[in-house]
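Structure, as structure tokens:
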């Protein structure tokens with residue numbers, strides 16, 4: 109999934125869909141972050157990169173940054 113073609117909220121929703129974490133509240137508990145804080149940052153698109161990496165890791169995903177125009181495998 110390319111983040112620049114979707115929102116952070118949609119990306120987190122896709123990652124959540126296939127895990128044991130049923131919703132953002134469960135995810136927040138796993139991260140030891142207040143549910144309202146996590147939900148607000150996701151909805152506003154202000155989630156820190158460090159938090160996005162933690163979320164992706166918890167859900168079994170990787171965050172990859174690559175140069176524009178790079179070939180996607």
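Numbering (this note's numbering), first residue to last: 109 to 181.
The C-beta atom is built at its ideal place from N, Cα and C for all residues, glycine as well.
Using the Cα positions of residue i and residue j, report the straight-line distance between them to the nearest angstrom.
i: residue 124; j: residue 147; result: 13 Å
i: residue 118; j: residue 152; result: 12 Å
i: residue 144; j: residue 134; result: 12 Å
i: residue 163; j: residue 130; result: 14 Å
i: residue 132; j: residue 115; result: 15 Å
Quick check: is the beta carbon of residue i nearer than 8 Å to any beta carbon in chain B?
i: residue 124; result: The chain labelled as chain B is not found in the depicted structure, where only one protein chain is given.
Within the continuous alpha helix (DSSP H) that includes residue i, where are the two ends?
i: residue 172; result: Premise fails: residue 172 is in no alpha helix (DSSP H) and is neither H nor E.
i: residue 147; result: 143-152
i: residue 133; result: 132-139
i: residue 164; result: 157-166
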